Each structure stands twice: as structure tokens, then as C-alpha cells.
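> Chains A and B, in that order, are what the protein sequence lines are.
Position one of the first sequence corresponds to residue 10 (the numbering used here), numbered consecutively onward.
Position one of the second sequence corresponds to residue 10 (the numbering used here), numbered consecutively onward.
In this text, a Cβ means the ideal position worked out from N, Cα and C, and glycines have one as well.
Fair warning: this is a prediction, and the values are worked out from it, not measured in the lab.
Number of protein chains: 2
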Amino acid sequence: MDKTTKAAPALSPENTRETLIREALRLFGDKGFDGASTREIADAAGTNVASIAYHFGGKSGLHRACGEAVAKMLANASGQTAAPHEALPISSEQLRLRISDILKRMAAFLFSSPQSDLAVPFILREMAHPGEAFEAIYSGMMEPVHKRLCVLWAGATGGDPESDEVKLTVFSMIGQLLYFRIGARAVSRRLGRETFSEQDITAIRNVIESNISARLNIAAKGDA
Amino acid sequence: MDKTTKAAPALSPENTRETLIREALRLFGDKGFDGASTREIADAAGTNVASIAYHFGGKSGLHRACGEAVAKMLANASGQTAAPHEALPISSEQLRLRISDILKRMAAFLFSSPQSDLAVPFILREMAHPGEAFEAIYSGMMEPVHKRLCVLWAGATGGDPESDEVKLTVFSMIGQLLYFRIGARAVSRRLGRETFSEQDITAIRNVIESNISARLNIAAKGDA
DNA sequence: GGACTTTAATCAAACGATTGATTAATATTT
DNA sequence: AAATATTAATCAATCGTTTGATTAAAGTCC
Chain A
10 MDKTTKAAPA LSPENTRETL IREALRLFGD KGFDGASTRE IADAAGTNVA
60 SIAYHFGGKS GLHRACGEAV AKMLANASGQ TAAPHEALPI SSEQLRLRIS
110 DILKRMAAFL FSSPQSDLAV PFILREMAHP GEAFEAIYSG MMEPVHKRLC
160 VLWAGATGGD PESDEVKLTV FSMIGQLLYF RIGARAVSRR LGRETFSEQD
210 ITAIRNVIES NISARLNIAA KGDA
Chain B
10 MDKTTKAAPA LSPENTRETL IREALRLFGD KGFDGASTRE IADAAGTNVA
60 SIAYHFGGKS GLHRACGEAV AKMLANASGQ TAAPHEALPI SSEQLRLRIS
110 DILKRMAAFL FSSPQSDLAV PFILREMAHP GEAFEAIYSG MMEPVHKRLC
160 VLWAGATGGD PESDEVKLTV FSMIGQLLYF RIGARAVSRR LGRETFSEQD
210 ITAIRNVIES NISARLNIAA KGDA
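1) Would a check of beta-carbon distances place L187(A) closer than 7 Å to chain B?
2) Establish whether the CB of A59(B) and some CB of chain A are separated by less than 7 Å.
3) Quick one: measure Cβ to Cβ for S109(A) and M150(A), integer angstroms, because I've assumed they're closer than 8 Å.
4) Specify, as a first and last residue, the run of the alpha helix (DSSP H) that A165(A) falls within.
5) Is the beta carbon of A33(A) within less than 6 Å of some heavy atom of the ligand GDP?
6) For the alpha helix (DSSP H) containing V179(B), name the first residue and the last one.
7) Pick out the complete beta strand (DSSP E) segments inside the stretch 18-86 of chain A, 3 residues or longer, and give them in chain order.
8) Evaluate P123(B) with the Cβ neighbour count: other Cβ atoms within 10 Å of its Cβ, from every protein chain shown; 16 or more gives buried, anything less gives exposed.
9) Identify the contact partners of Y147(A) in chain B, using a Cβ-Cβ distance below 9 Å as the criterion.
10) Run through chain A and tell me which residues come within less than 9 Å of I210(B), C-beta to C-beta.
11) Mind listing which residues of the stretch 112-123 of chain A have their C-beta closer than 9 Å to chain B's C-betas, in chain order?
12) Identify the contact partners of P153(B) in chain A, using a Cβ-Cβ distance below 9 Å as the criterion.
13) Below 8 Å on the Cβ atoms is my guess for V160(A) versus P170(A); work out the distance and round it to an integer in Å.
14) Could you check the C-alpha separation between A53(B) and P130(A) for me, to the nearest Å?
15) Count the other C-beta atoms from every protein chain shown that fall within 10 angstroms of the C-beta of T25(B), then say buried if there are 16 or more, exposed otherwise.
16) Helix or strand or just coil, what does DSSP make of E141(A)?
17) Give the straight-line distance between the Cα atoms of A145(B) and A163(A), rounded to the nearest whole angstrom.
18) For L83(B), which residues in the same chain have their Cβ closer than 6 Å to its Cβ, ignoring the five residues on either side in sequence?
19) Can you tell me whether A59(B) is buried or exposed? The criterion is at least 16 other CB atoms within 10 Å of its CB, across all chains shown.
20) Specify whether the stretch 133-140 of chain A and the stretch 107-121 of chain A touch according to this definition: at least 3 beta carbon pairs, one from each stretch, less than 8 Å apart.
21) Could you have a look at L133(A) and say whether DSSP puts it in helix, strand or coil?
22) According to DSSP, is G201(B) helix, strand or coil?
23) Quick one: give me the first and last residue of the alpha helix (DSSP H) that D110(A) is part of.
24) Chain B partners of I213(A), CB-CB under 9 Å?
25) Would DSSP call D126(B) helix, strand or coil?
26) Do V79(B) and A33(B) count as a contact pair if the criterion is CB distance below 7 Å?
27) What residues in the stretch 47-80 of chain A bring their beta carbon closer than 8 Å to a beta carbon of chain B?
28) Is the distance from the Cβ of T47(A) to the Cβ of K81(A) below 7 Å?
29) Answer yes or no: does any C-beta atom of chain A fall closer than 7 Å to that of D173(B)?
30) From F120(A) to R190(A), what does the alpha carbon distance come to, in whole angstroms?
31) Do you know offhand how far R35(B)'s Cα is from I50(B)'s?
32) For I221(A), decide whether its Cβ has a neighbour in chain B, counting only Cβ atoms nearer than 7 Å.
33) From S100(A) to G167(A), what does the alpha carbon distance come to, in whole angstroms?
34) Examine chain A for any beta-carbon lying closer than 7 Å to the beta-carbon of D169(B), and answer yes or no.
35) Pick from R114(A), D39(A), A142(A): whose alpha carbon is nearest that of G70(A)?
36) Would you verify that the beta carbon of R224(B) is, or is not, closer than 7 Å to some beta carbon of chain A?
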């Protein structure tokens, strides 16, 4: 509370940019664009208000930079999962494993990555007001991952990867995972905890895994 | 843009309150608490800024009233689904129908009710900052519905209604439904549409229905 | 290599605009 | 007339932005 002196002991000149982005990401995600003031951000970053205008042209420029930073985080997180031109595994069992693997990595990012604590609240705010940031996040991350899952899912069930049914089914699988993050407060409270424990996260993964398996059995049974 | 005269032609005196709440709900949901100014809200409601202080004591009082209004909307929507002391149906098939019925009603509210256009964005903003509004929404609506679904689910699968596994599984079913609303922009865009059509909503319901059926088959098979 | 200039970066201070809140006066209803 | 409701006008505070000064490092010239 009572910081009479500078927060940061000594800031390397080049680090002012990233420190501003990091703190802005946190405060934008926490309070929204209007709720976070430039002075508050600058204080948190241990610098002067004018630095925002100097480095980013203004508050909106800083917000844009935050969007790009988030897009980069997600690209890194999803880049690990996306082998560019992989050959489709033949067996349904292999396809199922690939699908589970992708969702497992998403869960790892969502629940165990410190980056996601900055990225997720920010993205949620952006979803309400789709602007440049949402655009970058959607076309750079969401759509590619979803498309890839559709191919795998259709391969396992025999449907058309670009059919509405496959698209929606894949969304329902991603959606339940994302909801555990979005609605984490409601979920953890219902479980009687303050936050998720490691066991909780494992339990969540198992539930989703079971849902996927159950659905793939039905889908494969119905189609093949 | 250029309203030289009053926006509303003539406002019935008693309606100032509800009009303020309705417009505040819309603007709070759209821009957040800080983003929506009292003057903007008052203009949208066709009244004076001071009316907010007069009727609600201030901006935060208006926000509180919005939370209560949302809680009331949700209570109405869920009240239809909650027969107070229903006897548990015996057969698993009946239980499954009850579960599907509840989720179907939730979907109807989320996608077809004009109220949800006001309520959902507002709630989403509240989820980020759990305050009084979140408290009322959670304990008044979310928890009772979830608890009831847990009883039904456990009845159909033979598990413990208050076990973590059942709780999380029910959350996963609710979550996929909610995500279709929360992430509607991403979903509809992936489908190549501006907004959901009636057919889309039906398709979403079918997907969730299939997920539930698939999971209940597995769960019943594994437990019974 | 020493003296001067340029550039990048940060700062305190101040700008006009807008914020939520308040006031006193007016209008409306009972 | 009294109570309720709405208004225009004003308040201090805070907003994002801009300014001019200051510092230190990099570049330039003789």
C-alpha cells in the first residue's frame, strides 16, 4: 500500500515497454479498459504516465500492444500442439489420442500456465467487444486449432470436417474446457474450495476425457 | 447523433426507475461499470443525471439494482424448471428426460429470450469481479440448479449427488451450453454467419443432447 | 581523444475534458 | 399545501494527453 519510494528498484530502459504491457495486461484484464487508468498502469510499472504515450502513442496503443502480446502467448501455447503438415493417423484410436492430447495441452495452458492468468481475463473482456484484439486472437489461434480438431474428429467419426455438426460438436468439447476456466469461481465454490487444487484439475481433465470418449463411441457407432 | 430535443417523447413518471435499470443493464453489460457514464445512461433513459442519485442513491446503487433485476430474471427463468418437491422419477430414462428438459429450458432462455441479451453480458462482467451481484446470481440461481441437476444425474448413474465427480460432470454439461452463449461470436463466425439462426440453435441443442446421452450411457454402464 | 550535437527515454507539471455527485429551483402529483 | 419527482447548474476529482525540462548514451566533427 504505502510505497513512498519507487516500486521497481532500478528499471532497465528497454524493459519499460514490456513492464508496461505486463501490468496493463493485468489491470485491463482485472478492471477493463476504462476501469484501468493510465496513471495506475504507469505506477504499477514503476514509470511515468507519459511513458505510455511515448512508447505506445496512448492508452489505446498500449491496449493494442496487449492484444498482440496475448496473441503471441496463445501462438506459442498452440504452436506446440500444431505439427504443420502431419499425416493423419489411420486408426480411430490414434485420432482419439491426438484429440485428447490437444485438449490436454489446452488445459495445461489454461490451468497451469502463469501466462494464462494474464491472458484469459484480458481475452474474456475482448470477447464482449470484438475489436482488433479479438480478431488477432480468433484468426490466429481459435480458428486454426478448431479447424484441426474438426479434421481429427471427422477422421475418427467419418463425418465431414467442415459440416456444421462436426464444428458444433468440437465447440462443445472445447467449450466445456473453457467454461471450467471462465466459470472457475462458480465451480470451485461449488466444490467448496477457494481455488482449484492439482487434484481438481486432474479431475476436470478426466471428466472431459470421459465426455470425449463417450461421444466418440456414439459418433463412431452412429456413422461407421 | 444529433438529438436536439428529448429522446423519449414523454415518460410515465413511474417508469423512470425501470427505464434507468433497463438502459443501465444494457450499457453496463456493453461497456462495463466504469465504461458506462451516468450521463450516458440517463440520456439513454431519457431523463436527467440527477435521477440516478434520486432513485438509487448513486451509480453504484443503480448497479446494485441491475444485479437484483438480473437475479429476478434468472429466478423467473429457472423457477419454471424447478418443481419444489418433486418425487424422483424411478426409471433412468425419466431422469434423463428431466435433465434434458432443464438444459433445454436453459438453452431457451440463453438463446431465445430477449431478457438474456441484457442479463448475460451483465453477468459475464460480474463473473470477473465477484461482488454482491455475483453472490446473488450464484446462490440464487446457479447453485440450486446445479444441485438439482446433480441429484438427477446421480439418480441416473448411481453415484453420489455431492461427489466431486458428479459435480464436475454436471458442470461440464452446463459449461458447454454456456460456452455457446459466451463464445457466441467465435462460434457463429466459425459457422460463417453473423448471428445464430433458429436452425443453429436447434443444432446446438442436439449436440448437447447427444453429449448428455452418450455420457449417461457410459456412466450408467460403468456404475450400474 | 576531446568538444559539440543529436537522439532516446524519462520525469514533474499542467492542460482541457469528463467523471460522479450535489445543490437549489422547478414541475408534477396527491 | 405537502410530498414526490425532475431539472439545470455547479462542484471537486480524475481522466487521457501534452508540454518543456532533464538525463544519459550514441553519434559527429576537428
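Inspection of the coordinates gives the following:
1) yes
2) No, because no Cβ of chain A sits closer than 7 Å to the Cβ of A59(B).
3) With a Cβ gap of about 20 Å, S109(A) and M150(A) do not count as contacting.
4) 152-166
5) The model depicted lacks the ligand GDP and carries no ligand whatsoever.
6) 173-191
7) none
8) With fewer than 16 other Cβ atoms within 10 Å, it is exposed.
9) R194, A195, R198, R199
10) None at all; the shortest Cβ gap to chain A is about 11 Å.
11) The residues in question: there are none.
12) Result: empty, since nearest Cβ-Cβ is about 11 Å, beyond 9 Å.
13) 5 Å
14) One C-alpha to the other measures close to 29 Å.
15) buried
16) helix
17) 42 Å
18) M150
19) exposed
20) no
21) helix
22) coil
23) 101-121
24) L177, F180, S181
25) The answer is helix: DSSP assigns D126(B) an H, G or I state.
26) No, these two residues do not count as a Cβ contact at 7 Å.
27) Look at the stretch 47-80 of chain A: it has no residue with a C-beta under 8 Å from a C-beta of chain B.
28) no
29) yes
30) 7 Å
31) Per the coordinates, the alpha-carbon of R35(B) lies some 9 Å from the alpha-carbon of I50(B).
32) No, because no Cβ of chain B sits closer than 7 Å to the Cβ of I221(A).
33) 12 Å
34) Judged by the 7 Å Cβ criterion, D169(B) is not in contact with chain A.
35) Checking every option, the nearest Cα to that of G70(A) belongs to A142(A).
36) yes
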